[in-house]
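Only one structure is covered here, and it is reproduced in the block below.
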Amino acid sequence: MAGRFIEVEDLGKQYEAAAPGTPPALQSVSLAIDAGEFVAVMGPSGSGKSTFMNLVGLLDAPTSGAYRLDGRNVAGLSPDEAAHLRNLVFGFVFQGFNLLKRITAAENVALPMVYAGLPGAERRRRALELLDKVGLAPYADSMPNRLSGGQQQRVAIARALANRPRLILADEPTGNLDTRTSREIMDLFAALNRETGVTILLVTHEQDIAQYAKRLIRFKDGRVVHDGAVVHEEALA
Amino acid sequence: MSPFTIVREAARSLGANKLRTGLTMLGMVIGVAAVVLMLAVGTGAQNQVNRAVSSMGSNLLVILSGSTSAGTLRFGSGNAPTLTTGDAEAIARLPDVQAVAPTFPGGGQVAYGVNNWATQVLGVTPEYTSVRDWPVDAGDAISETDVRSATRVALLGATVVEKLFDTEDPVGKTIRIRGQPFQVLGVLKKKGQSLDGRDQDDSILVPITTAQAKLFGNRFPGTVRFIFVQAVSQEATAAAENDITLLLRQRHRIQPDAEDDFTVRNLTQVAEAASATARILSLMLGAIGSISLLVGGIGIMNIMLVSVTERTREIGIRMAIGARQRDVLMQFLLEALMICIVGGLIGIAIGVAGALVIGKAMQIEVAFSAWVMLVAFAVSAATGIFFGFWPARRAASLRPVEALRHE
Chain A
11 MAGRFIEVED LGKQYEAAAP GTPPALQSVS LAIDAGEFVA VMGPSGSGKS
61 TFMNLVGLLD APTSGAYRLD GRNVAGLSPD EAAHLRNLVF GFVFQGFNLL
111 KRITAAENVA LPMVYAGLPG AERRRRALEL LDKVGLAPYA DSMPNRLSGG
161 QQQRVAIARA LANRPRLILA DEPTGNLDTR TSREIMDLFA ALNRETGVTI
211 LLVTHEQDIA QYAKRLIRFK DGRVVHDGAV VHEEALA
Chain B
962 MSPFTIVREA ARSLGANKLR TGLTMLGMVI GVAAVVLMLA VGTGAQNQVN
1012 RAVSSMGSNL LVILSGSTSA GTLRFGSGNA PTLTTGDAEA IARLPDVQAV
1062 APTFPGGGQV AYGVNNWATQ VLGVTPEYTS VRDWPVDAGD AISETDVRSA
1112 TRVALLGATV VEKLFDTEDP VGKTIRIRGQ PFQVLGVLKK KGQSLDGRDQ
1162 DDSILVPITT AQAKLFGNRF PGTVRFIFVQ AVSQEATAAA ENDITLLLRQ
1212 RHRIQPDAED DFTVRNLTQV AEAASATARI LSLMLGAIGS ISLLVGGIGI
1262 MNIMLVSVTE RTREIGIRMA IGARQRDVLM QFLLEALMIC IVGGLIGIAI
1312 GVAGALVIGK AMQIEVAFSA WVMLVAFAVS AATGIFFGFW PARRAASLRP
1362 VEALRHE
C-alpha cells in the first residue's frame, strides 16, 4: 500500500549539545501531510517548529520516531541519499535567503540543477524561465547583493523550484521583509500551490502570513498543540 | 556531476573571489619562486667554480723555481734559474707521477695582417696540453720534433684567435710573435676563466726550446720557470709532493739545514677549498630558499584554513540544495589544486626570470634544475591541498543544518 506523501510518527529530536535535563526540542510528533497541501507551522520561538521543518527537509536527523516519504522510511538515510532527495524532491526557502553571494542570480537558480547533473545549456534555459516566472527576468545576471530583499527571496524561490520539487519548505520566508513585500512573496507561494499543486510547508510566527495557508499546525514546547484548517479572518469578522 | 562541470564550478568559485584566490596563490608563488631563484644562483656559482677547477687539469702540482736576490733586492718565487728541463725529466721517472710539463712563460706582441695583440706566450712540451687538460680543437699539437729542433710553430688560445683572425681559419697561417714569424699549428679548445678570474684563452703555446732559445733568450740554457706535474691519482698527490721535494733537494745539492730553492704547490688543495666554498654557498642559498618555502607553506595553510572555515555556510547551502559530500569535497580539492598548479607555475616562471635577471645584472652564472622545481612545487602543492581539503572535509561531514547555522 502506498503511504501518504509525508507521514511522521512519534518523531523526536534531542540535541546532543543541550544542557542535561532540558526537554527534547521535539517529542512524539505524529502527523501526515498530503500532496498539494499548503500548511503553515506556527509557534513561539523554541517551540520546535524549525526543528520539525529541518527534520522533514532531511537537513537534520531525528533521534527517535519514524519518517515516511511516499511510504518509504527516510529517517535513517545516508547523507548522500538524503542529499539526493533534498535535490530532487524538496525545495528550500530560508529567512536569510541563503544565496551564494559571488555568483549571479541565474547561477544561483541553476545550482540545484548542477547537482542534478543537467547539462549547462539546459540549466541556463530553465533558470531564465524560472526567474521570469518570479518576475525577475531582467535581473538574471545581477549579483544577489545588487537586489532588494524581496528580489533576493524571489531568486531563492526560483532556486527552490529548480528541479520541480514536490515539497517546498519555507522557514520564515518573510521574516526579513516589509509588509508589502511579504504579501507579494506570499501571493507567489499561494499561486504556486494553486497552479502547480506543489506542497508547501511554511514556518512563520506571524498570524497574517499563516492566513495564506489552508492548514495550520501549532507547536508548543516541542509538541503539536493544534492541527486544523486555517480560520480565515474574513470568516471571523 | 560530470568531471567537466566540477572543474568549471571550481574555476567559477575561484574567479568569483579574486582577492582570496590571489592571496592564497601568493604564498605558493613566493615559496616556489624563492627556492628556484636561490638554488639557481647557488648551483650556478658552484658550476662556475667546478668548471674553473677542472679546467686547471686534474691531480696537479706545480713546482716554482726559488726566489732570487740582487744585492738587497729580493725577487719572488719563480725568478731564480734553479729548475731545469733535466729536473723535469727526473721527476717524470718518479712512481707517483703520471706526466710533467715544464713551462717557460713570457709575453709579447703578436701580429697577423693589420691586427696585433699583446698576450702571454708559454714555452711548453707536448705533455702540456694533456696535463692541463687543454686539447687542440683544430690542427695539430706541438710534437717532440718541434721541441727537439726548436721550430717556430704555435698553438693559439681562443681569445688570441678572436683578436687576430676575424673569420679566417688560422691553421697554417703565419703570425709574428715579437717580430718573428711563427706558423700556426693549431687552435686550442676554449678553456674559460681560471679560479682567479684570468682569461686562460688569452695565450699562445710554442715549443719550450723555441721560447728559451729564440723568443725570450735565456741566460741559463735549459732552465724553466715552472713545472706542472700530474700525479697518477688524487691520493698520490701528497706522496708525489714529498718525492719531488726529496728528489729536487738531492739534485740541487741542498744542505739538510738549508731552505728549498723551489716551491711545490698542490693545486688539488686549492681546488678542494674552492669547491668547498662554492658548496657551502650553494647550501646556504638553498637553506634560505627552504625557509621561504616553509613561510610560503604556512601562508597557504592559514589562508586555506580561514577561507574554508569562512565558507562553512556556503557548504551548508550547497548541501541543502542537493550537493553530496563528495561534490563538496571535489570542489574544494579542485580549487586547492588549481590554486597550487597556477601558483606553482607562476612561482617557477618568476624564479627563473628573477635568476636570469640577477645572472645578467651581476654577471654570474645561474643553473636550473628540474628536480628543484619539482620538489618546491610538490611541497607547496601538498601544503595547499592538505589544508584546503581537510577543513572542507570537516565541513562536509557536518549535518546541513549545522553548516547552515554557521555565521
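Going down the list, the sequences are from chains A and B. For the first sequence, the residue numbers in the working numbering are 11 to 247. For the second sequence, the residue numbers in the working numbering are 962 to 1368. Don't be surprised by glycine CBs; every beta carbon is placed ideally from N, CA and C.
With DSSP collapsed to three states, give me the class of residue i.
i       : result
A/E47   : coil
A/M11   : Here the model assigns A/M11 a pLDDT of 43, short of 50, so the residue's position is not dependable, and the following value carries that caveat. A/M11: coil per DSSP, three-state reduction.
A/N118  : helix
B/P1060 : For clarity, residue 1060 of chain B is Ala in the given sequence; the question names Pro instead. Three-state DSSP puts B/A1060 in a strand.
B/S1016 : helix
B/A1248 : helix
A/R156  : helix
B/R1240 : helix
A/T214  : coil
B/K1321 : helix
A/Y25   : coil
B/G1118 : coil
B/E1326 : coil
B/L1022 : strand
A/K224  : coil
B/V1362 : helix
A/F104  : coil
B/T1043 : coil
A/K111  : coil
A/D2    : Lying before the first or after the last residue shown, residue 2 of chain A is absent from chain A, which here runs from 11 to 247.
A/K230  : strand
Going by DSSP, what residue range makes up the beta strand (DSSP E) through residue i?
i       : result
B/A1099 : V1097 to G1100
B/T1128 : Run containing B/T1128: none; DSSP gives neither H nor E here.
B/S974  : Element bounds for B/S974: not the beta strand (DSSP E) but the alpha helix (DSSP H), P964 to A977.
B/T1135 : T1135 to I1138
B/L1372 : In this structure chain B extends from 962 to 1368, so residue 1372 of chain B is not present and cannot be described.
B/N1227 : F1223 to N1227
Tell me the residue span of the alpha helix (DSSP H) that contains residue i.
i       : result
B/S1341 : A1331 to A1357
A/Q217  : Q217 to A220
B/V1108 : E1105 to S1110
B/A1200 : A1197 to R1212
B/L1166 : Counting along the chain, B/L1166 falls outside any alpha helix (DSSP H), though it belongs to the beta strand (DSSP E) covering S1164 to P1168.
A/P89   : P89 to L98
A/G75   : Taken as a continuous stretch (DSSP letters only), A/G75 belongs to no alpha helix (DSSP H), being part of the beta strand (DSSP E) at S74 to L79.
Would you decide whether residue i is buried or exposed? Buried here means 16 or more other CB atoms lie within 10 Å of its CB.
i       : result
B/F1187 : buried
A/K23   : buried
A/R136  : buried
A/Y25   : exposed
A/F15   : buried
B/G992  : buried
A/M11   : A caution first: A/M11 carries a pLDDT of 43, below 50, which makes its placement in the model too unreliable to give a value.
B/A1219 : exposed
B/A1006 : buried
B/I1325 : exposed
B/W1332 : exposed
A/K111  : exposed
Which residues in chain B sit within 7 Å of residue i, going by Cβ to Cβ distance?
i      : result
A/P122 : I1282 and G1283
A/A249 : Examination of residue 249 of chain A is not possible in this model, given that chain A is present from 11 through 247 alone.
A/N97  : I1282 and G1283
Kindly list, in the order they appear in chain A, the residues whose Cβ is closer than 7 Å to that of residue i.
i       : result
B/E1275 : L110
B/P1361 : L69
Since residue i meets chain B, which of its residues come closer than 8 Å, beta carbon to beta carbon?
i      : result
A/F102 : A1281 and I1282
A/R136 : Residues of chain B passing the Cβ test: none, with the nearest at roughly 14 Å.
A/G131 : This sequence places Ala at residue 131 of chain A; Gly is not what is there. None at all; the shortest Cβ gap to chain B is about 12 Å.
A/N155 : Under the 8 Å cutoff, chain B gives no residues; its nearest Cβ is about 12 Å from A/N155.
Could you name the residues of chain A that residue i contacts, counting a contact when the two beta carbons are closer than 8 Å?
i       : result
B/R1354 : None at all; the shortest Cβ gap to chain A is about 13 Å.
B/E970  : V124
Using a Cβ cut-off of 9 Å, pull out every chain B residue sitting near residue i, in sequence order please.
i      : result
A/I113 : R973, S974 and A977
A/R233 : The premise fails here: A/R233 is roughly 20 Å from chain B at the closest Cβ pair, so nothing lies under 9 Å.
A/R176 : In chain order: nothing, as chain B lies at least about 14 Å away.
Closer than 9 Å by beta-carbon distance: list the chain A residues that pair up with residue i, in chain order.
i      : result
B/T966 : V124, G127, P129 and G130
Residues within the stretch 1282-1303 of chain B neighbouring chain A, beta-carbon criterion of under 9 Å: Against chain A - using a Cβ distance shorter than 9 Å - the residues of the stretch 1282-1303 of chain B are I1282, G1283, A1284, R1285, Q1286, R1287 and D1288.
Cβ-based contacts, 7 Å cut-off: residues of the stretch 79-91 of chain A near chain B: Per Cβ criterion, the list reads P89 and D90.
Near-chain B residues of the stretch 162-174 of chain A (beta-carbon distance less than 9 Å), N- to C-terminal order: So the list reads R169, A170, A172 and N173, given in the order they occur along the chain.
Chain B contacts made by the stretch 40-68 of chain A, where a contact means CB separation under 7 Å: Per Cβ criterion, the list reads N64.
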